[in-house]
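In the order they appear, the protein sequences are chains A and B.
Position 101 (the first sequence) corresponds to 142 in the numbering used here; numbering is contiguous.
Position 70 (the second sequence) corresponds to 71 in the numbering used here; numbering is contiguous.
Beta carbons: idealized from backbone N, C-alpha and C, even for Gly.
Since we're looking at a predicted model, the values are computed, not measured.
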Amino acid sequence: ETGVTQTPRHLVMGMTNKKSLKCEQHLGHNAMYWYKQSAKKPLELMFVYNFKEQTENNSVPSRFSPECPNSSHLFLHLHTLQPEDSALYLCASSQGVGGVIYGYTFGSGTRLTVV
Amino acid sequence: QKEVEQDPGPLSVPEGAIVSLNCTYSNSAFQYFMWYRQYSRKGPELLMYTYSSGNKEDGRFTAQVDKSSKYISLFIRDSQPSDSATYLCAMSDGNTDKLIFGTGTRLQVFP
């Protein structure tokens, strides 16, 4: 499989549940990102990892917990979410060495609904 | 002032029209410019990439960068209903691991 793969595609969870989103990239990139996209709002950067190290946490609430075990995999662990956290969560990767020159490759996203 | 400004639209045009989508930016260090297309409920896909100033053409799409005015454009010729999507501009100075995105312009092409 090529590109950036996100699973699951859709997720419905209660406010007391714990779930995880998974992202895998097969492009040999070294930087990975989590973005949140709410309806009719711009992309919101959540986290950046470069060579497995977190380089940015954009003031994200602690109920979102990222994990990057290697340069190819990225997780977003979710617990005690709120209904306003319902959104499309996008993973992206880039060849981040020396800066982003060629852009990101995005996954198809996980559509999260918190009930 | 936002680093990148983009009119959110929606922009509604008839099939066959020429569409012009634009972004302005404030950081003169930006050198790498991209346009992404995002269909509803999908992730953005890279549509066009340009470096520094000038034009780049790919089929019906032309990307234009004017660094002196800090202005970039995407032109779509002979627009089709399948072009209906949100178009996001993005840019980078090449020194950080982040792209700076515009808010996106929603385009609707009606038959």
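Chain A residues whose Cβ lies nearer than 7 Å to that of P45(B): Numbered from its first residue, the second sequence carries residue 45(B) at position 44. Neighbours of P45(B) on chain A, chain order: F147.
Once you ignore the five residues that flank E85(A) on each side, which residues in its own chain have a CB closer than 8 Å to its CB? By 1-based counting over the first sequence, the position of residue 85(A) is 44. Y76, K77, Q78, S79 and N99.
How would you list, in chain order, the residues of chain B whose beta-carbon sits under 7 Å from the beta-carbon of R152(A)? If you number the first sequence from 1, residue 152(A) lands on position 111. What R152(A) touches in chain B: R42.
Residue environment, V156(A), which counts as buried when at least 16 other CB atoms sit within 10 Å: Mapped onto the first sequence, residue 156(A) falls at position 115. Exposed.
Helix, strand or coil at S83(B) [DSSP, three-state]: Mapped onto the second sequence, residue 83(B) falls at position 82. Of the three classes helix, strand and coil, the one that applies to S83(B) here is helix, per DSSP.
Report, in whole angstroms, the separation of the C-beta atoms of A72(A) and N91(A), which I expect to be a contact under 8 Å. The count along the first sequence starts at 1 and reaches residue 72(A) at position 31. The count along the first sequence starts at 1 and reaches residue 91(A) at position 50. Going by Cβ atoms, the distance from A72(A) to N91(A) rounds to 5 Å, so yes, they are a contact pair.
Given that Y130(A) touches chain B, what residues does it touch there, using C-beta distances under 9 Å? Within the first sequence, the letter at position 89 stands for residue 130(A). Residues of chain B passing the Cβ test: none, with the nearest at roughly 10 Å.
Buried or exposed for D113(B), going by 16 or more other Cβ atoms inside 10 Å? There is simply no residue 113(B) to check, as chain B begins at 2 and stops at 112 in what is shown.
Can you tell me which of the three DSSP states D126(A) falls into? Your numbering for residue 126(A) matches position 85 in the first sequence. D126(A) falls in the helix class under three-state DSSP.
In angstroms, rounded to a whole number, what distance separates the CA positions of L89(B) and G150(A)? The residue labelled residue 89(B) in the question sits at position 88 within the second sequence. The residue labelled residue 150(A) in the question sits at position 109 within the first sequence. C-alpha of L89(B) to C-alpha of G150(A): approximately 16 Å in a straight line.
Would the segment 43-55 of chain A count as touching the segment 64-71 of chain A if we require 3 or more Cβ pairs under 8 Å? yes
Is DSSP giving L84(A) helix, strand or coil here? For this step, residue 84(A) is matched to residue 43 along the first sequence. Coil at L84(A), not helix or strand.
8 Å Cβ cutoff met for Q95(A) and P110(A): Working through the first sequence from its first residue, we reach residue 95(A) at position 54. Working through the first sequence from its first residue, we reach residue 110(A) at position 69. No. Outside cutoff.
For A18(B), collect the residues of the same chain with a Cβ closer than 8 Å to its Cβ; drop the 5 residues on either side in sequence, then sort them by chain order. Counting from one through the second sequence, the residue named residue 18(B) turns up at place 17. So the qualifying residues of the chain are S80 and V110.
How long is the line joining the alpha carbons of A128(A) and K81(A), rounded to whole angstroms? Taking the first residue of the first sequence as 1, we reach residue 128(A) at position 87. Taking the first residue of the first sequence as 1, we reach residue 81(A) at position 40. C-alpha separation (whole angstroms): 10 Å.
Can you confirm whether the segment 115-127 of chain A touches the segment 4-16 of chain B when touching is taken to mean that 3 or more C-beta pairs between the two stretches lie within less than 8 Å? The answer is no - the segment 115-127 of chain A does not touch the segment 4-16 of chain B, with fewer than three Cβ pairs under 8 Å.
Alpha carbon of T97(B) to alpha carbon of R78(B), nearest angstrom: Within the second sequence, residue 97(B) is the residue found at index 96, counting from 1. Within the second sequence, residue 78(B) is the residue found at index 77, counting from 1. Straight-line Cα distance between these residues: approximately 34 Å.
Ignore the nearest five residues each way along the sequence and tell me which others in Q32(B)'s own chain have a CB closer than 7 Å to its CB. Taking the first residue of the second sequence as 1, we reach residue 32(B) at position 31. Taken in chain order, the residues that qualify are Y52, S53, D94 and G95.
Can you pull the DSSP bridge partners for C90(B)? Counted from its first residue, the second sequence places residue 90(B) at position 89. In DSSP, C90(B) forms a bridge with W36(B).
May I ask you to list the residues that DSSP assigns as paired with V66(B)? Against the second sequence, residue 66(B) aligns to sequence position 65. DSSP lists G55(B) and I73(B) as partners of V66(B).
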